[in-house]
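Trainee:
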Amino acid sequence: MSIGENYLRIRNEIPGHVRIVLAAKTRQPGEVAEAIEAGATDIGENYVQEAAAMIQALGEKAEAVTWHMIGELQKNKINKALPIFDVIQTIDSLEKAIAVDKRAARFEKVVPVLIEINSAAEPNKSGLAPDSSVAETVAKGISQLKHLHLQGVMTMGPLGADPEDVRPFFRKTREIFEHLKELEISGVEMNTLSMGMSDSYRVAIEEGTNMVRLGTIIFGPRF
Ligand SMILES: *Cc1c(COP(=O)(O)O)cnc(C)c1O
């Protein structure tokens, strides 16, 4: 099946309230263009440089979609990232949030952000500890920053293995999301739960996600 057909098949399979962010790493602009032509609305990139090149190559097509930073945001790349991305999904500390806020102020922007949870507490992964009180402290901190708009929570969860193995970590992330939502922190609008990838999106949807990030299942395997 073509990329466009894959996109439409998955779009029809997934409930309408679940947004699909296409993970475009390693893909050619022509491949991403095909997905956009089929109706894709949201594209995720892991690296600032790759995103810049992709957007330039796509030209007008790039303007029609929402760009999500889904990789780790290095502090020295924030200035380059801000004009490119519409949403930063990977705020992994209050310190990082403060750094983004400071630079966003210079661009006179208010940046929609998600906080990333290291839901399985993996030592080599970025993200906050999977603990509601940790997330609460960071969310309250972000709510004080004038140039960030906190809108939700994102997690990767452990890779490989059986998708069922990821379920407890998706469930934990959902709990943290619901906790933050119940707090009704002023200036925070908890509406996005970003979790689920090609091998785990069904489990993520069962656990209440409303945004999945898909690469392989739409574009084919990465080489
Ligand atoms: C690559 C990537 C995805 C999608 O992975 P697939 O398994 O190809 O669907 C989702 N989220 C992030 C952060 C990624 O880097």
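Our numbering numbers the first residue of the sequence shown as 104 and each following residue consecutively.
Cβ atoms here follow ideal geometry from the backbone N, Cα and C, with glycine treated the same way.
#1: Would you mind stating whether lysine 128 and glutamate 153 have Cβ atoms separated by less than 9 Å?
#2: Using DSSP with H/G/I as helix, E/B as strand and the rest coil, what is threonine 240?
#3: Within the same chain, show all residues whose beta-carbon is closer than 6 Å to that of lysine 284, passing over the 5 residues directly before and after it, in chain order.
#4: Since histidine 282 is in the alpha helix (DSSP H), which residue starts that stretch and which ends it?
#5: Just curious, the beta strand (DSSP E) that proline 215 is in, first and last residue?
#6: Looking only at C-alpha atoms, which of Phe326, Ile321, Arg325 sits nearest to glutamate 108?
#7: Rounded to whole angstroms, what is the Cα-Cα separation between leucine 176 and threonine 193?
#8: I need the DSSP call for leucine 176, collapsed to helix, strand or coil.
#9: With hydrogens ignored, establish whether the beta-carbon of isoleucine 126 is closer than 8 Å to any heavy atom of ligand 1.
#10: In terms of residues, what are the limits of the beta strand (DSSP E) holding leucine 317?
#11: Quick check on the DSSP output: the alpha helix (DSSP H) that includes glutamate 211 runs from which residue to which?
#12: Check the DSSP bridge columns for alanine 126 and list the partner residues they point to.
#13: Kindly indicate the opening and closing residues of the beta strand (DSSP E) around glutamate 251.
#14: In this structure, how does DSSP classify serine 246 when only helix, strand and coil are distinguished?
#15: Taking only the alpha-carbon atoms, compute the straight-line gap between isoleucine 288 and serine 297 and give it to the nearest angstrom.
#16: Report yes if the C-beta of methionine 157 is less than 8 Å from at least one heavy atom of ligand 1; otherwise report no.
#17: Look at the Cβ atom of asparagine 224, then the Cβ atom of proline 233, and state whether they are nearer than 9 Å.
#18: Shorter than 8 Å, the distance from the beta carbon of aspartate 302 to the closest heavy atom of ligand 1, or not?
#19: Go through its chain and collect everything with a Cβ distance to glutamate 278's Cβ below 8 Å, but skip five positions before and after it.
Mentor: The relevant details are as follows:
#1: Along the sequence shown, one-based indexing puts residue 128 at 25. Along the sequence shown, one-based indexing puts residue 153 at 50. Closer than 9 Å, so yes.
#2: For the purposes of this step, residue 240 is taken as the residue at position 137 of the sequence shown. Here threonine 240 sits in helix by DSSP.
#3: Position 181 of the sequence shown, counted from the first residue, corresponds to residue 284. Only Met293 meet the Cβ criterion.
#4: Counting from one through the sequence shown, the residue named residue 282 turns up at place 179. Note, histidine 282: alpha helix (DSSP H), 266-286.
#5: As a first step, residue 215 must be located in the sequence shown, where it is residue number 112. Here the beta strand (DSSP E) through proline 215 covers 214-220.
#6: The residue given as residue 108 occupies position 5 in the sequence shown. It is Ile321 whose Cα lies nearest to the Cα of glutamate 108.
#7: Working through the sequence shown from its first residue, we reach residue 176 at position 73. Working through the sequence shown from its first residue, we reach residue 193 at position 90. In a straight line, the C-alpha of leucine 176 is about 7 Å away from that of threonine 193.
#8: Working through the sequence shown from its first residue, we reach residue 176 at position 73. DSSP places leucine 176 in coil when its eight states are reduced to three.
#9: The residue given as residue 126 occupies position 23 in the sequence shown. One detail in the question is off: residue 126 reads as alanine in this sequence, not isoleucine. Yes - ligand 1 has a heavy atom lying nearer than 8 Å to the Cβ of alanine 126.
#10: Counting from 1 along the sequence shown, the entry for residue 317 is found at position 214. Segment 314-317, the beta strand (DSSP E) holding leucine 317.
#11: Taking the first residue of the sequence shown as 1, we reach residue 211 at position 108. First-last for glutamate 211: undefined, no H or E at that position.
#12: To locate residue 126, count along the sequence shown from 1; it is residue 23. Bridge partners of alanine 126: Gly147.
#13: What you label residue 251 is simply residue 148 of the sequence shown in a count that begins at 1. It is leucine, not glutamate, that sits at residue 251 in the sequence shown. Leucine 251 -> beta strand (DSSP E) spans 251-258.
#14: For the purposes of this step, residue 246 is taken as residue 143 along the sequence shown, with counting starting at 1. Note: serine 246 maps to helix in three-state DSSP.
#15: For this step, residue 288 is matched to residue 185 along the sequence shown. For this step, residue 297 is matched to residue 194 along the sequence shown. Cα to Cα, the separation comes out at about 20 Å.
#16: For this step, residue 157 is matched to residue 54 along the sequence shown. Outside the cutoff, so no.
#17: Along the sequence shown, read from residue 1 onward, the residue named residue 224 stands at position 121. Along the sequence shown, read from residue 1 onward, the residue named residue 233 stands at position 130. Looking at the sequence itself, residue 224 is alanine, so the reference to asparagine does not match. Result yes, Cβ atoms of alanine 224 and proline 233 sit closer than 9 Å.
#18: Here residue 302 refers to the residue found at position 199 of the sequence shown. Yes, the beta carbon of aspartate 302 sits closer than 8 Å to at least one heavy atom of ligand 1.
#19: Against the sequence shown, residue 278 aligns to sequence position 175. Closer than 8 Å at the Cβ level, and outside the excluded window around glutamate 278, lie Ser235.
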